[in-house]
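Chains as they are written, first to last, in the working numbering: chain A, 145 to 499; chain B, 145 to 499.
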């Protein structure tokens, strides 16, 4: 099932073209990130990620059990905390939602190979779904990525190219694009569509929380979740969008800088390797939606992250440091928050970072 | 919610006593494994493991998203394969189902500490749920257990005692019992009850398959699954029990020996560390149910396991070697099997064994 009337659309210059004509990882005219325009329908049916197939521009062909992750309620004083266990996705992170859509699209467009730059989790996810769909995967990642993550990419049959930094990876990957499908998850709107299903699941299982705490690297997760709730509000299913709380580390804090014009001083935060994205392509959207829904931005450092990860393990949530940032952020601001229900999105598995 | 009329019952000597009176990890009179007698009710309601609360002797108080694992259909020629992804449970293995019941029981019985002997996965599971329920955990495990598994137990706050072999662990753990709750998962009937929910989920999501392939260490998983389908048949919900296919490694093959009187020669199988159980306490039950449902037993070796694990990764299933035994077994006997639908239970996560 594919929706024929689905178009790449550039909100900056107005470029528009059928997604079934050609793939663009960004606007060929002005370089802006592209949206996809198509008819979204909310008719939940079936299980897990396929449950929201009517919402996608096309239906995935093969699945591996992504989505439908647990939502665990645990009270903390005046706050009802709801942990969304995205680390229980098949490859161990929320990325599987967007990757499934992205690789399905590559397959439908007859690509035979895939390339991607990533700090780790997306590489594992892309390697996994590429294999499932019979495509070759080449993953460009910084050498400081956890060795467990690199090993997984290899076992999944992916080829790895290491670079000194995450930024270098984004540049070097372009040399490998040619006839391959460049996933470009930090640009790719399919990852935003995929992440919106997290909101749908929270809504269907629980309702609408007051706050939702989200780690922000490229911001696809943040935008996907906010878009998901906003969509439900627009179609009249719910009457408010949760207040989003964006979390970044002190080391790389483009969102804070964009809003306040200066960098906030603080401890290193390189433990959160998943959110070290210096230039999120959709930074303007992030600022727009953060302001629109009166969101907050919270910065954390390595000692906050280390303590938060330890506490989460002790609560039975085996997450990686990047995921722990949301609990670190909650801990920092909980005294300011009124009695409320708060979703913490736990994005990636701690099992991949044991080495 | 607890069922007051729940009793330890020894099918060998007839010993019977309320489970709310005292905990016995085996029959205090004759040393046999104990069953629990109580009224089982099948009234699915809610999500995941709590969905079958009416079937348990008591309802778990805290959960971490266990159960409700994906069932992925993938055809292989004449066979419809259904992969049950038990490795996506919160601690990365099917053990979480039984452990949740077991630790809930320890909590209800006012224990403050827990001890267990294990080859690995149960240790992680016990450490996790002990922490969730506020109990101290001491885990006795063989030194050859994967270092990733040991590290996880420690991060989860468990104390580790290492022994030369799995058999030594079973002996040495008894020195630590005293006032602690001895989980004794290879004896504990709560693990069998927990594993039955795998059958309920398969039935509710798909129906009844023709075959189900199960790795057999202590046999709790095997018995739980067979009991689950048998129970559904007894209450008239289904009309057949799938043919069970038990998988063991050549190195430790008590079930084969018990049935055929001799050991079958073959390659070492120590890669499958999760099924190296030399003396399963319920071996007679295993033989009985294997014969009752005309099951098969298949033995595999390290090279079968290595190849199967590789193939499973390439299919997008990131499992540990013990889990790969079921695919290895299927590969060995698939030519003998008629066109049919076959469930492969993938028990544990490959993410824990990356080191």
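Each residue gets a CB set at the ideal place from its N, CA and C atoms; glycine is no exception.
Reduced DSSP category for residue i - H, G, I as helix; E, B as strand; rest coil
i: residue 485 (chain B); result: strand
i: residue 428 (chain A); result: helix
i: residue 168 (chain A); result: coil
i: residue 446 (chain A); result: helix
i: residue 223 (chain A); result: strand
i: residue 151 (chain A); result: strand
i: residue 230 (chain B); result: helix
i: residue 414 (chain B); result: coil
i: residue 397 (chain B); result: coil
i: residue 324 (chain A); result: coil
i: residue 330 (chain B); result: coil
i: residue 479 (chain A); result: coil
i: residue 497 (chain B); result: helix
i: residue 456 (chain A); result: helix
i: residue 492 (chain B); result: strand
i: residue 465 (chain B); result: helix
i: residue 134 (chain B); result: Outside the displayed span of chain B (145 to 499) sits residue 134 (chain B), for which this structure offers no information.
i: residue 160 (chain A); result: strand
i: residue 303 (chain B); result: strand
i: residue 237 (chain B); result: strand
i: residue 470 (chain B); result: helix
i: residue 250 (chain A); result: helix
i: residue 289 (chain A); result: coil
i: residue 186 (chain A); result: coil
i: residue 355 (chain B); result: strand
i: residue 422 (chain B); result: coil
i: residue 274 (chain B); result: helix
i: residue 376 (chain A); result: helix
i: residue 257 (chain B); result: strand
i: residue 207 (chain B); result: coil
i: residue 128 (chain A); result: Outside the displayed span of chain A (145 to 499) sits residue 128 (chain A), for which this structure offers no information.
i: residue 387 (chain B); result: strand
Amino acids of chain B, ordered along the chain, whose beta-carbon sits closer than 7 Å to that of residue i
i: residue 209 (chain A); result: 214, 216, 229, 232
8 Å Cβ cut-off: residues of chain A touching residue i
i: residue 449 (chain B); result: Those do not exist, as residue 449 (chain B) stays about 15 Å from chain A at its closest Cβ, beyond 8 Å.
i: residue 145 (chain B); result: Ordered by position in chain A, no residue passes the 8 Å Cβ test against residue 145 (chain B), which lies about 18 Å from the chain.
Listed by chain order, chain A residues near residue i by CB distance under 7 Å
i: residue 301 (chain B); result: 458
Cβ-Cβ distance between residue i and residue j below 7 Å
i: residue 376 (chain B); j: residue 390 (chain B); result: no
i: residue 182 (chain A); j: residue 201 (chain A); result: yes
i: residue 179 (chain B); j: residue 153 (chain B); result: yes
i: residue 246 (chain A); j: residue 332 (chain A); result: yes
i: residue 465 (chain A); j: residue 415 (chain A); result: yes
i: residue 169 (chain B); j: residue 394 (chain B); result: no
i: residue 252 (chain A); j: residue 275 (chain A); result: no
i: residue 388 (chain B); j: residue 427 (chain B); result: no
i: residue 287 (chain A); j: residue 306 (chain A); result: yes
Where residue i meets chain B, residues with beta-carbon distance less than 9 Å
i: residue 462 (chain A); result: 234, 235, 236, 268, 272, 296, 299, 300
is_contact[residue i, chain E] using C-beta, thresh 7 Å
i: residue 167 (chain B); result: Given the protein chain composition of this structure (A and B), no chain E is represented.
Contact between the region 256-264 of chain B and the region 411-423 of chain A (3+ Cβ pairs under 8 Å): no
Segment contact, 8 Å Cβ cut-off, at least three pairs: the region 427-447 of chain B with the region 460-477 of chain B: yes
Residues of the region 251-283 of chain A with Cβ closer than 8 Å to any Cβ of chain B, in chain order: 272, 273, 275, 276
Three CB pairs or more closer than 8 Å across the region 199-214 of chain B and the region 341-351 of chain B: yes
Sufficient close CB pairs (3 or more, under 8 Å) joining the region 335-342 of chain B to the region 357-371 of chain B: yes
Inter-stretch contact at 8 Å, needing at least 3 Cβ pairs: the region 196-205 of chain B / the region 452-468 of chain B: no
Contact list for the region 481-497 of chain A against chain B, Cβ threshold 7 Å: 493, 495, 496
Where the region 188-207 of chain A meets chain B: residues whose CB sits under 9 Å from a CB there: 191, 192, 206, 207
Three CB pairs or more closer than 8 Å across the region 328-339 of chain A and the region 236-249 of chain A: yes
The region 166-176 of chain B touching the region 269-280 of chain A, judged by at least three CB pairs closer than 8 Å: no
Given 8 Å, three or more beta-carbon pairs between the region 221-228 of chain B and the region 288-302 of chain B: no
The region 478-489 of chain B in contact with the region 245-258 of chain A per 3-pair CB rule at 8 Å: no
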